[in-house]
Structure formats: C-alpha cells, structure tokens
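K.L.:
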Amino acid sequence: MSWIEVSVTVARDYADAVANIFFEAGSGVLWEEPAPALVRIKGYLPVGAGATLKVAKLRRRVAAVLGEEQELAVKEVREEDWADAWRQFYRPFRVGKRLVIRPPWEDCPALPGDLVLVLYPGTAFGCGTHPTTQMCLEALEEAVRPGMRVCDVGTGSGILAIAAALLGADSVVAVDNDPAAVRLARENVARNGVESRVDVREGYLLDAVAGSFGLLVANITAEVILRLAPAAARILKVGGLFVAGGVIEARVPPVKQALENAGFDLTRMETRDGWAMLVGVKT
-10 MSWIEVSVTV ARDYADAVAN IFFEAGSGVL WEEPAPALVR IKGYLPVGAG
40 ATLKVAKLRR RVAAVLGEEQ ELAVKEVREE DWADAWRQFY RPFRVGKRLV
90 IRPPWEDCPA LPGDLVLVLY PGTAFGCGTH PTTQMCLEAL EEAVRPGMRV
140 CDVGTGSGIL AIAAALLGAD SVVAVDNDPA AVRLARENVA RNGVESRVDV
190 REGYLLDAVA GSFGLLVANI TAEVILRLAP AAARILKVGG LFVAGGVIEA
240 RVPPVKQALE NAGFDLTRME TRDGWAMLVG VKT
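Each residue of the sequence shown is one higher than the one before, starting from -10 at the first, in the working numbering.
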C-alpha cells in the first residue's frame, strides 16, 4: 500500500495546534524534534481519491495557524519501504516494571512476570518509544485492575489498548478516526491474542462509544483533550481515571484547567523531555 507523507517543521509553540490539524484530517501523526525549539509534524494519508484535496486543505489550515505560508513537504511512500527502514532500529525495549514491547521480527527473553506486547508500528501510528506513550503505559501499569473496562481514544497502533488488556482489563474499546490506524490496530490486537477483549472501532473521539468505563486514556494532543474532557467525564464512573498524554509542557495549564472544569481532581502529572502526562480522577 502507498501513502502520501506530508510534513512541516514549526516552532514548538505551534506544534500542538498543527498536529491537531493533521489529526482532524484523519491522518496518523508523527512528531520529530530536529532541534530543541523545533518540531517536525508528519502525517500520512492513503493514496487515492481525495488525497490532493486533503493536502490542499492542510496547507490552508496550517498557514492560518502560523499566520503565513509554510512549506509542506509532500511525497509518496510505500509501506514496504517504510517498514524496511523501521527494521534497522526498532528493537525490543522495556517500559515500566513488567511491559516489554517488541516488533514481530524480533525475539527477546522474557523474565518471570513480564508482559510481552508484540507491535508492528505501521506508518508511525505509535511504536511506544515516544515519551508520552511511555508515560501513559506506566500509568496504565499502575492503574489497570482486573475486571476494569477501559477506553482508548486515538488508539493509533493499538499499543495502549493492548497493554490495558495484557494488564488485566476485562474489556477495552479502542477508537481512531483514521481507517488505516483502525486496520493496523486490529492486526496488532490479533498478534497479541486479545481479540475477545479489545474492540477496535472507527469513529471521532467518543462518537462511537457508549456505556461506562473505569479508565479512559487519550494520548493525542492538548487541543483534542480540551474538547474531550467533558465527554470523558460523562462516560467515566465516579472514581474513574482520565489519563491524558500527548501534551507539550507549555499546554499543561489549559489542559489542567479543562480537566478540573469537567469534574476531575488532578492526582498525577509527569513530565519527560518537554512532554507531559496528566491523570485526573472523576469526582
């Protein structure tokens, strides 16, 4: 399968807003940091009808945020080429106390009690190496309890949803608005043998979600979390947890305020390499 890769380099202060534009366009989003004050945002769109119009819309919306025209690099990439590049440096690694993430083409020795998550990252929808993903995984390791019902919004590769299932969640609903991410997440769910407990759905935020949950995790962007907080409060049980990742440190104050306004008490906040993860409990 081929993809259109669209990338733009912006000042860190604009990164969250630009990443949100890519997210709303239905694109998987990858962050790179070529310099301390710069962030390169990459998005991937399926080649085919509508791709040209989506790229044109991205140009207009990014220019509106930045206040000027910004060059967007656009190229077609084959998934096979992308996967070959990943194989050169994607190796098994440990997160938290028990989680081990490995690609399908690598074996690794497991210690007693380890939970091994087999992950094919696809077109950069989430491989587990980003600081916010690791902080979210660590939060899940501490918070997930047997029998818990979990919702993962913006599931990407499915890494957080699968981790929740391996950690003992009774059922997990994983949602993404990108059809390619949904397909990839379902494949990764099957690789880990948790199909009976992880339901991957295509939808925007919580539009495709019903019922009540003990934990909701969203490792997306601050702008999306601001919109998600009130809806998250509605589907979480009293005492339920909202794990919010994908937040650059500069955007912590408005995210914290949004969680409090929605009825959450902030119980944990961590920062790592300029990124933050917040946990709120529904009161």
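Ideal Cβ placement from N, Cα and C applies to all residues, glycine included. Everything numeric in this text was worked out from a predicted model, so none of it was measured.
At which residues does the beta strand (DSSP E) containing L156 begin and terminate?
P.N.:
Counting from one through the sequence shown, the residue named residue 156 turns up at place 167. Premise fails: L156 is in no beta strand (DSSP E) and is neither H nor E.
K.L.:
A64 and A14: beta carbons closer than 9 Å?
P.N.:
By 1-based counting over the sequence shown, the position of residue 64 is 75. By 1-based counting over the sequence shown, the position of residue 14 is 25. At residue 64 the sequence reads Lys, which differs from the Ala that was named. No, the Cβ-Cβ distance between K64 and A14 is not below 9 Å.
K.L.:
Tell me whether G269 sits in a helix, a strand or coil according to DSSP, three-state version.
P.N.:
One-based indexing of the sequence shown puts residue 269 at position 280. Correct three-state label for G269: strand.
K.L.:
For I237 and A4, which I take to be in contact (beta-carbon distance under 8 Å), what is that distance rounded to the nearest angstrom?
P.N.:
As a first step, residue 237 must be located in the sequence shown, where it is residue number 248. As a first step, residue 4 must be located in the sequence shown, where it is residue number 15. The Cβ separation is near 6 Å, so the contact holds.
K.L.:
Shortest alpha-carbon distance to P242 belongs to which of V183, P98, V(-5) and A211?
P.N.:
For the purposes of this step, residue 242 is identified with residue 253 of the sequence shown, where counting begins at 1. Per the Cα distances, A211.
K.L.:
What are the start and end residues of the alpha helix (DSSP H) that includes T122?
P.N.:
Taking the sequence shown and counting its residues from 1, one reaches residue 122 at position 133. Here the alpha helix (DSSP H) through T122 covers P120 to A132.
K.L.:
Going by other Cβ atoms of all chains shown within 10 Å of its Cβ, with 16 needed for buried, is P219 buried or exposed?
P.N.:
Position 230 of the sequence shown, counted from the first residue, corresponds to residue 219. That one is exposed.
K.L.:
Would you report the Cα separation of L104 and V89, rounded to the nearest angstrom?
P.N.:
Your numbering for residue 104 matches position 115 in the sequence shown. Your numbering for residue 89 matches position 100 in the sequence shown. So the two alpha carbons sit approximately 6 Å from each other.
K.L.:
Given a threshold of 16 other Cβ atoms within 10 Å of its Cβ, counted over all protein chains shown, does Q123 qualify as buried or as exposed?
P.N.:
Here residue 123 corresponds to residue number 134 of the sequence shown, with the count starting at 1. Answer is buried; the Cβ neighbour count reaches 16.
K.L.:
DSSP puts P35 in a beta bridge; with which residues?
P.N.:
What you label residue 35 is simply residue 46 of the sequence shown in a count that begins at 1. In the DSSP output, where bridge partners are listed per residue, P35 has W(-8).
K.L.:
Give me, in chain order, the residues of the same chain whose beta-carbon lies closer than 6 Å to that of K43; leave out the 5 immediate sequence neighbours on both sides.
P.N.:
Indexing the sequence shown from 1 puts residue 43 at position 54. So the list reads A14 and L34, once near-sequence residues are dropped.
K.L.:
With C-beta atoms as the reference, is N177 less than 9 Å away from I148?
P.N.:
By one-based count along the sequence shown, residue 177 stands at place 188. By one-based count along the sequence shown, residue 148 stands at place 159. Taking 9 Å as the Cβ cut-off, N177 and I148 qualify as a contacting pair.
K.L.:
Which of the three DSSP states is assigned to E191 in this structure?
P.N.:
By one-based count along the sequence shown, residue 191 stands at place 202. The answer is strand: DSSP assigns E191 an E or B state.
K.L.:
What whole-angstrom Cβ distance do L230 and L194 have, given they're in contact under 8 Å?
P.N.:
As a first step, residue 230 must be located in the sequence shown, where it is residue number 241. As a first step, residue 194 must be located in the sequence shown, where it is residue number 205. Taking C-beta atoms under 8 Å as the contact rule, L230 and L194 fail to qualify, at a distance of about 18 Å.
K.L.:
Within 10 angstroms of the Cβ of R91, are there 16 or more other Cβ atoms? Answer buried if so, exposed if not.
P.N.:
As a position in the sequence shown, residue 91 is number 102, starting the count at 1. Buried.
K.L.:
Return the chain-ordered list of same chain residues with a C-beta closer than 6 Å to the C-beta of A99, the five sequence neighbours on each side being excluded.
P.N.:
For this step, residue 99 is matched to residue 110 along the sequence shown. Closer than 6 Å at the Cβ level, and outside the excluded window around A99, lie V105.
K.L.:
Taking the DSSP output, what are the residues bridged to D254?
P.N.:
Position 265 of the sequence shown holds residue 254. Its beta-bridge partners are V270.
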